[in-house]
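Asks: Taken in order, these protein sequences are the chains called S and U. Taking numbering that gives the first Met the number 0, the leading residue of the first sequence gets 0, the next gets one more, and so forth. Taking numbering that gives the first Met the number 0, the leading residue of the second sequence gets 0, the next gets one more, and so forth. Below is a structure I'd like to ask you about.
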Amino acid sequence: MSKGMLIDITKCIGCRACQTACKQWNDLPAVSTSFSNDWSNPPELNAYNWTRVGFHLLEDGDQVQWRFAKRQCMHCNEPACESACFVHAFVKTPEGPVVYKENLCVGCRYCMLACPFQVPKYEWDKAFPLVRKCRMCYDRLQEGMEPACTTACPTGANIFGDREELLAEAKRRIKNNPGKYIDHVYGEKEVGGTSVLYLSDVPFEKLGFRTDITTKGIPQYTWSVLKWTPHIAIGWTAILTALYMYTKRRADVEEEDGH
Amino acid sequence: MDQYTRWTFRMTPYRVVLIALTLLMVGVATYRLLFGLGAATNLNDEWPWGLWIGFDVLTGVALAGGGFSTCFIIHILHKKKYHSIARAALLTSLIGYLLVMGGLFFDIGRWYNFWRPFFYWGHHSVLFEVFWCVSLYTTVQVLEFGHILFERIKSEPLKKLFDWMLPGLFIIGVMLPTLHQSSLGSLYIITVDRLYPTWWSMIIPVFFLTSAVFVGPAMVTFEGWLASKAYGRNFQAEMPVLTSLWKVTAWLLAFYFVLKCIDLTYRDAWGYVFNGSFEANMFLVEILGFILLPLVLFLIPSVRNSVGGLVTTSILVVVGVVFNRMNVVFTGMADAAGGHYFPSWMEWSLTIGLISAGILVYCFVVENFNIFHEDQEAYKAKLKKEKARAVADGGAPVQA
Ligand code: SF4
Ligand code: SF4
């Protein structure tokens, strides 16, 4: 059964307990931070911060309101990072998490270019860097535990479970609270569906989510072109061989004719 | 061949500068390998790919495309009249690919793992195909060069062996670049909804392949002109062959333009061409200045038949391909990527140093091997003479 997380932005109070729990469980070192306009800290995800609560001050007429959006790897059903990696270091596990086999990594960083959410980050301070990102606490899952971040959440804004059940729950919340939520479960269809799902009461694009995004799995785009490679290789070689022999014969004949 | 019995390398002030730049590059490369990418480059999480991938690899492979397109025309189609430029084109292409392999090696974060893609097959990755094709093709070109090498160091059995392999090498040596030139474009299919729509397209591989072919004759012209300046050779004599070869470029420039129009119409993306944004204007400069302008210039007989005209037009095409690749890697991605990136002095130094090393190798090879037409003719004449002498002496011909 594929697992996932449901993040209900209306319930998040911005306490960053999840952020801290993530750093603790994964033993991530502190990094010196810099000022960010919106009081989010750190200002961006990086190799040592795999999840981050974004603070968003929204103006609605003369009303101002805060919204907090926890971001991390979306654990795509069809991950662009997995399809991009030429040594298959990224793997979508049947349990849901997208994990990274670090000893295979060559460090080409194509995964970083490929991810539609700019999630994989690099250890730029190291001589032999690794790509780092959230792995939905795959190690804890295998021990029968929940991810560190969902256990830490005091309000239930971030819950863990079977993706299908979480999706049903999200739709139930939208239906049972008319007018409260935006009628959109972010992650249901985006890039072919993701293991992490979001609910919000303000438009997602105001919280920095990309809504102009395809609903087709990104690997499908690449594959629809790449799948022709063997055919082109064989067909083109055959054509080239035929051309070679044909024109060689002609050139030889011309030469004999004393050109 | 007599003038070639010893290996020579002339020293000039230019070459001293190039050697200095190469040495600086070696220092920078060592620093980078020991201390990592973060220490040597300005790459960051928003810009994981920078100058080395964008210029050294993506652009380098395209500019080295002259090798496979001329190989196709001369060796597969047996158009003998272009024979005079075959070896020069092969040489620049080979050097180009060696530089690309070098650039790639310095760019990968965990370089001691560079061999992994040969054994861990991420066959669903475009990069996997690019990696295999580029490595194999570099090997193929080294083998193709064996024919010239063993002619020079006079090892007849080895030369025969390499001659025997040539037809197969030519065929594979056209097939592989067709694949990876287009795949370098396919790399960017994955940036759907992020790369600016004037450049992103499902047929971006076709655009990359087409431009890699049409830049071939332009590169050969430009390099031939540089070489004629450097070696005091008569460039005028090569003009008829080059102008004729350039027709391929002209046709493909037209094809590229028409295909762009069809593609933009099909994807309903014309709005992105004329919206006045920075990306849109860069795209317009690319198409008007570097596709249409050279095409129009070439169509004017007085331009294409004059040395200055043909060389200028060729330079426009070459710069255009560089401009296009830079637009895909940087301009078109800037908005989606955010952050900022400008190469560090070490990144520049490595790129410039690699090119300097390439020029030095080129000079050494053309001064010591039969690369240019005249040298090849002289070599053939000499063989004939030796053969005649041997027959006259009553012995069997020494070399067929
Ligand atoms: S969000 Fe990015 S890193 Fe995470 S699974 Fe999807 S493509 Fe991979
Ligand atoms: S950087 Fe590593 S994980 Fe990412 S695509 Fe390259 S080899 Fe794969």
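Idealized CB from N, CA, C, for every residue including glycine.
#1: Exposed or buried, U/Asp1, counting other C-beta atoms within 10 Å across all chains shown (16 or more means buried)?
#2: What is the residue span of the alpha helix (DSSP H) that S/Lys170 lies within?
#3: Starting from S/Arg51 and walking both ways along the beta strand (DSSP E), at which residues does that stretch end?
#4: Taking Cβ-Cβ distances shorter than 9 Å, what residues in chain B pair up with S/Pro128?
#5: Name the chain S residues whose beta carbon is nearer than 7 Å to that of U/Met174?
#6: Can you find a heavy atom of ligand 1 that lies under 7 Å from the Cβ of U/Lys159?
#7: What residue range does the beta strand (DSSP E) around S/Leu198 cover?
#8: Could you pull out every residue in the same chain whose Cβ sits closer than 8 Å to the Cβ of U/Ala395, ignoring the five residues on either side in sequence?
#9: In chain U, what lies closer than 8 Å to S/Val30 by C-beta?
#10: Does U/Asp334 come within less than 8 Å of chain S when only Cβ atoms are used?
#11: Output the distance between the C-alpha atoms of S/Tyr99 and S/Phe89, rounded to the nearest integer angstrom.
#12: Just list the residues that DSSP pairs S/Ala68 with in beta bridges.
#13: Does the stretch 75-85 of chain S come close enough to the stretch 116-126 of chain U to have 3 or more Cβ pairs within less than 8 Å?
#14: Going by C-alpha distance, which of U/Ala39, U/Thr177, U/Ser243 is nearest S/Trp123?
#15: Measuring only between beta-carbons, confirm whether S/Trp49 sits less than 8 Å from chain U.
#16: U/Tyr187 lies in the alpha helix (DSSP H); which residues open and close that run?
#17: Closer than 6 Å is what we want: which residues have a beta carbon that near any heavy atom of ligand 2? List them in chain order.
#18: Over the uninterrupted alpha helix (DSSP H) stretch that includes U/Lys153, give me the two end residues.
#19: Would you call the stretch 202-214 of chain U and the stretch 233-253 of chain U in contact, with 3 or more CB pairs under 8 Å?
#20: Where does S/Ala230 land, buried or exposed, given buried means 16+ other C-beta within 10 angstroms?
#21: In chain order, which continuous runs of the alpha helix (DSSP H) of length 4 or greater are located wholly inside the stretch 309-342 of chain U?
#22: Specify whether the stretch 14-21 of chain S and the stretch 148-156 of chain S touch according to this definition: at least 3 beta carbon pairs, one from each stretch, less than 8 Å apart.
#23: Taking the beta strand (DSSP E) that U/Phe213 belongs to, which residues open and close that run?
#24: State the Cα-Cα distance for the pair U/Arg266 and U/Phe329, rounded to the nearest angstrom.
#25: Considering only the alpha carbon of each residue, which of U/Phe363, U/Tyr378, U/Pro342, U/Ala356 lies closest to U/Asn41?
#26: If contact means a Cβ-Cβ distance below 7 Å, which residues of the stretch 77-93 of chain S contact chain U?
#27: So, at 8 Å on beta carbons, what are the nonlocal neighbours of U/Met24 in its own chain, with the 5 sequence-adjacent residues on each side left out?
#28: Which residue from U/Thr264, U/His339, U/Ile147, U/Gly65 puts its Cα closest to that of U/Asn367?
#29: Thinking C-alpha only, which one of U/Ala226, U/Pro196, U/Glu222 is nearest U/Phe277?
#30: Any C-beta of chain U within less than 8 Å: which residues of the stretch 96-120 of chain S qualify?
#31: At a Cβ cut of 9 Å, what residues of the stretch 58-83 of chain U count as close to chain S, listed as they run along the chain?
#32: Closer than 7 Å, Cβ to any Cβ of chain U: which residues of the stretch 12-29 of chain S, in chain order?
#33: With a threshold of 8 Å between beta carbons, is U/Val191 in contact with chain S?
#34: Secondary structure at S/Leu44, three-state DSSP: helix, strand or coil?
#35: Going straight from the alpha carbon of U/Ser181 to that of U/Lys80, what length do you get?
#36: Compute every distance between the C-beta of S/Ala79 and the non-hydrogen atoms of ligand 1, then say whether any falls below 7 Å.
Replies: On the basis of the coordinates in this document:
#1: For U/Asp1, the pLDDT reaches just 45, beneath the cut-off of 50, and the residue's location in the model is therefore unreliable, leaving the point undetermined.
#2: For S/Lys170, the uninterrupted alpha helix (DSSP H) run begins and ends at 162-175, by DSSP.
#3: Counting along the chain, S/Arg51 sits inside the beta strand (DSSP E) bounded by residues 51-59.
#4: Of the protein chains in this structure, namely S and U, none is chain B.
#5: Think of a sphere of 7 Å around the beta carbon of U/Met174: the chain S residues whose beta carbon falls inside it are Ala232, Trp235, Thr236, Leu239, in chain order.
#6: Not one heavy atom of ligand 1 is found less than 7 Å from the C-beta of U/Lys159.
#7: Its beta strand (DSSP E) spans residues 195-198.
#8: Model confidence at U/Ala395 stands at a pLDDT of 49, short of 50, so the residue's coordinates are unreliable and nothing is read from them.
#9: The premise fails here: S/Val30 is roughly 12 Å from chain U at the closest Cβ pair, so nothing lies under 8 Å.
#10: For U/Asp334, the nearest beta carbon of chain S is not closer than 8 Å to its own beta carbon.
#11: When rounded, the separation of the alpha-carbon atoms in S/Tyr99 and S/Phe89 is 5 Å.
#12: Beta-bridge pairing links S/Ala68 to S/Gly53.
#13: The way I'd put it, the stretch 75-85 of chain S does touch the stretch 116-126 of chain U; three or more beta-carbon pairs between them come closer than 8 Å.
#14: Comparing alpha-carbon positions, the option among U/Ala39, U/Thr177, U/Ser243 lying closest to S/Trp123 turns out to be U/Ala39.
#15: Contact of S/Trp49 with chain U is not assigned, every C-beta pair being separated by 8 Å or more.
#16: U/Tyr187 -> no alpha helix (DSSP H), and no H or E assigned at all.
#17: Look at which beta carbons fall closer than 6 Å to any heavy atom of ligand 2; those residues are S/Ala83, S/Cys84, S/Val86, S/Ala88, S/Phe89, S/Cys104, S/Val105, S/Gly106, S/Cys107, S/Arg108, S/Tyr109, S/Cys110, S/Val130.
#18: Premise fails: U/Lys153 is in no alpha helix (DSSP H) and is neither H nor E.
#19: Taking a contact to require three or more Cβ pairs closer than 8 Å, the stretch 202-214 of chain U and the stretch 233-253 of chain U qualify as touching.
#20: Here the sequence assigns His to residue 230 of chain S, which means Ala is not the residue at that position. Exposed is the call here.
#21: For secondary structure counted as the alpha helix (DSSP H) over 4 or more consecutive residues, the stretch 309-342 of chain U holds these complete runs in sequence order: 331-336.
#22: Counting Cβ pairs under 8 Å, three or more are found: they touch.
#23: No beta strand (DSSP E) holds U/Phe213; the alpha helix (DSSP H) holding it covers 203-230.
#24: Between U/Arg266 and U/Phe329, the C-alpha separation is close to 22 Å.
#25: Among U/Phe363, U/Tyr378, U/Pro342, U/Ala356, the Cα nearest to that of U/Asn41 is on U/Pro342.
#26: So the list reads Ala79, Ser82, Ala83, Cys84, Phe85, Val86, His87, given in the order they occur along the chain.
#27: Taking U/Met24 as the centre and dropping the five residues before and after it, the same chain places the C-beta of Ser348, Leu349, Ile351, Gly352, Leu353, Ser355, Ala356 closer than 8 Å to its C-beta, in chain order.
#28: Checking every option, the nearest Cα to that of U/Asn367 belongs to U/Ile147.
#29: Here the closest residue by C-alpha is U/Pro196.
#30: Identification of residues in the stretch 96-120 of chain S having a C-beta nearer than 8 Å to some C-beta of chain U yields Leu103, Cys104, Val105, Gly106, Cys107, Arg108, Tyr109, Met111, Leu112, Ala113, Pro115, Gln117, Lys120, given in sequence order.
#31: Interface annotation for the stretch 58-83 of chain U against chain S: Phe71, His74, Ile75, Leu76, His77, Lys78, Lys79, criterion Cβ-Cβ distance under 9 Å.
#32: Hits within the stretch: zero.
#33: It does; some Cβ of chain S falls within 8 Å.
#34: Correct three-state label for S/Leu44: coil.
#35: About 28 Å.
#36: S/Ala79 Cβ: within cutoff of ligand 1.
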